[in-house]
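The structure under discussion appears below in the form of structure tokens.
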Amino acid sequence: LSEYATVTRYNPSSIGLNVNLVRRGDGYGGRITIGYYDNGSYHEGVFVNGDEFVFWNTSLSKAAKYNVWFTKSGKTYWHGFFQDRYGAVIIVIEDYESLGDGEPPVNASGSIWFKNFDLVSSPYVLTPPLPPSHCWFISVGPYDCRSWKSGDGVNTTAAIYPTNGYKKLGSFSGLNLSSAFNGDVNF
Numbered sequence: 037l038s039e040y041a042t043v044t045r046y047n048p049s050s051i052g053l054n055v056n057l058v059r060r061g062d063g064y065g066g067r068i069t070i071g072y073y074d075n076g077s078y079h080e081g082v083f084v085n086g087d088e089f090v091f092w093n094t095s096l097s098k099a100a101k102y103n104v105w106f107t108k109s110g111k112t113y114w115h116g117f118f119q120d121r122y123g124a125v126i127i128v129i130e131d132y133e134s135l136g137d138g139e140p141p142v143n144a145s146g147s148i149w150f151k152n153f154d155l156v157s158s159p160y161v162l163t164p165p166l167p168p169s170h171c172w173f174i175s176v177g178p179y180d181c182r183s184w185k186s187g188d189g190v191n192t193t194a195a196i197y198p199t200n201g202y203k204k205l206g207s208f209s210g211l212n213l214s215s216a217f218n219g220d221v222n223f
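So the sequence shown is numbered by my numbering: it starts at 37 and just counts up by one.
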């Protein structure tokens with residue numbers, strides 16, 4: 037957790053994940069929050085996919101185009117790119133519980149992967165500048181957060197788990213898909 041947070045963490049506890057997504061074109065965008073307590077203080081990272089106030093030159097549907105459900109080897113997965121000022125995270129939904137009634141699955145489990153931007157640390161810069169675009173559309177330099185690279189873009193269905201320097205932050209289970217996808221779970 038210390039490497040992800042870019043500062044030393046001593047005894048993180050009550051680690052939680054909040055996922056709030058909406059359909060945007062063929063994908064899903066929104067925000068995720070990773071929160072935890074450490075030494076009596078609460079810390080929270082908020083990661084977005086699609087923010088027209090910050091990335092005014094990218095439509096919400098374009099920002100979410102890689103955040104899709106896909107089938108690989110007969111099993112359905114979901115990938116989602118999100119970013120903040122310090123780097124990016126990818127959520128991988130790997131498994132889900134279905135009631136077998138033809139309705140979408142209820143709960144899901146998966147993993148969270150992170151990659152911090154490769155910026156030079158400076159004691160004078162507490163908050164790094166934002167990249168000029170969503171990092172998954174940047175193909176060179178310290179803000180390139182693409183995984184599953186394909187030319188200047190991304191082939192999100194190329195593999196299940198992220199590549200290109202992403203590290204596993206942890207696993208999650210019990211994610212209510214209806215809540216996370218605001219009632220619009222569509223395989």
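Glycine included, each C-beta is placed from N, C-alpha and C at the ideal position.
Just so we're clear, the structure is a prediction, and the values are computed from it rather than from any experiment.
- Counting only runs that start and end inside the segment 166-220, the beta strand (DSSP E) elements of at least 3 residues fall at 203-212.
- Within a 10 Å sphere around the beta-carbon of Val-176 sit fewer than 16 other beta-carbons, which makes this residue exposed.
- By the Cβ test, the segment 174-189 is in contact with the segment 146-154, since at least three Cβ pairs between them sit closer than 8 Å.
- By the Cβ-count criterion, Gly-201 is exposed, with fewer than 16 other Cβ atoms from all chains shown falling within 10 Å of its own Cβ.
- Under the three-state reduction of DSSP, Leu-96 is assigned to helix.
- Spanning the alpha carbons of Thr-112 and Ala-195 requires a straight line of approximately 12 Å.
- Per the coordinates, the alpha-carbon of Glu-130 lies some 12 Å from the alpha-carbon of Gly-110.
- Beta-bridge partners assigned by DSSP to Tyr-72: His-79.
- Annotation for Lys-101: Gly-61, Asp-62 and Gly-63 place their beta carbon closer than 8 Å to its own, counting only its chain and skipping 5 residues before and after.
- The shortest CA-to-CA distance from Gly-65 to any of Gly-123, Gly-210 and Ser-95 is the one to Ser-95.
- When secondary structure is reduced to three states using DSSP, Asp-131 falls in the strand class.
- Contact between Ser-49 and Tyr-78 is ruled out by a C-beta separation of about 11 Å, above the 8 Å threshold.
- By the neighbour-count definition (other C-beta atoms within 10 Å, threshold 16), Thr-192 is a buried residue.
- For Asn-103, the three-state secondary structure derived from DSSP is coil.
- Distance check between Ser-97 and each of Phe-208, Leu-211 and Leu-57 places Leu-57 closest, using alpha-carbon atoms only.
- Exclusion of the five residues before and after Ala-99 leaves Gly-65, Asn-85, Gly-86 and His-170 as the residues of its chain whose Cβ lies within less than 6 Å of its Cβ.
- In this structure, the straight-line span from the alpha carbon of Val-104 to that of Ser-145 is close to 16 Å.
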